[in-house]
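S.K.: Please find one structure pasted underneath; my questions will follow.
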Amino acid sequence: MQSRIELLTKSLEQFQTRDTGAQQVPLMPDPKDSAFGDTLTRFLTEASDAGAASSDLTRRFAAGENVEMHKVMAASEEAGIALDLVIELRNKAVDAYRTLINMQG
959 MQSRIELLTK SLEQFQTRDT GAQQVPLMPD PKDSAFGDTL TRFLTEASDA
1009 GAASSDLTRR FAAGENVEMH KVMAASEEAG IALDLVIELR NKAVDAYRTL
1059 INMQG
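Per the numbering used here, the very first residue in the sequence shown carries number 959; after that it's consecutive.
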């Protein structure tokens, strides 16, 4: 038995283009042309890097090194904002998945 995702994928592949009379118009963009995966990877990498930089500055500040407090706070806020962005991206992806699943039923 096929999963719902496999059935949806097959259905989308079957209806990827539709006849408009004059030309074939793709309903879905070509995955090779889509940069969503690259963008998501970049966001995750940047969020991870911001968290690592914040941790490093915090550690150095706590160790008594010559690190200005406002730089530590700015790095911490930047890491928090990057994490919030990644969480929102995840939430939107889950919402989109649920919408697709609900369209089937």
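Glycine residues also receive a C-beta, built at the ideal position from the N, C-alpha and C atoms. Every value quoted in this text rests on a predicted model; they were computed, and no experiment measured them.
Could you tell me the alpha carbon to alpha carbon distance between V1025 and E1036, rounded to whole angstroms?
M.R.: Taking the sequence shown and counting its residues from 1, one reaches residue 1025 at position 67. Taking the sequence shown and counting its residues from 1, one reaches residue 1036 at position 78. About 17 Å.
S.K.: Report yes if the CB atom of L1043 is closer than 8 Å to the CB atom of L998, and no otherwise.
M.R.: Taking the sequence shown and counting its residues from 1, one reaches residue 1043 at position 85. Taking the sequence shown and counting its residues from 1, one reaches residue 998 at position 40. Contact: no.
S.K.: Please classify A993: does DSSP put it in a helix, a strand, or coil?
M.R.: Working through the sequence shown from its first residue, we reach residue 993 at position 35. Of the three classes helix, strand and coil, the one that applies to A993 here is coil, per DSSP.
S.K.: Buried or exposed for L1015, going by 16 or more other Cβ atoms inside 10 Å?
M.R.: One-based indexing of the sequence shown puts residue 1015 at position 57. Flag for L1015 reads buried.
S.K.: How would you write the range of the alpha helix (DSSP H) that A1054 sits in, first residue to last?
M.R.: As a working note, residue 1054 is residue 96 in the sequence shown. Taken as a continuous stretch (DSSP letters only), the alpha helix (DSSP H) holding A1054 covers M1027 to Q1062.
S.K.: Give the single residue among A993, A1010 and N1049 whose Cα lies nearest to the Cα of A1033.
M.R.: Here residue 1033 refers to the residue found at position 75 of the sequence shown. Of the candidates A993, A1010 and N1049, the one whose C-alpha sits nearest the C-alpha of A1033 is A1010.
S.K.: Out of curiosity, what's the CA-to-CA distance linking A993 and G1022?
M.R.: Locating residue 993 in the sequence shown gives position 35, counting from the first residue. Locating residue 1022 in the sequence shown gives position 64, counting from the first residue. Cα to Cα, the separation comes out at about 43 Å.
S.K.: If you draw a straight line from the C-alpha of R1017 to the C-alpha of F1001, how long is it?
M.R.: Residue mapping note: residue 1017 aligns to position 59 of the sequence shown, counting from 1. Residue mapping note: residue 1001 aligns to position 43 of the sequence shown, counting from 1. Their Cα atoms are separated by approximately 24 Å.
S.K.: Apply the 10 Å Cβ neighbour rule to A1040 and answer buried if 16 or more other Cβ atoms are within range, or exposed otherwise.
M.R.: Looking up residue 1040 in the sequence shown gives position 82. Counting C-beta atoms within 10 angstroms of its own C-beta, A1040 has 16 or more neighbours from the protein chains shown and is therefore classed as buried.
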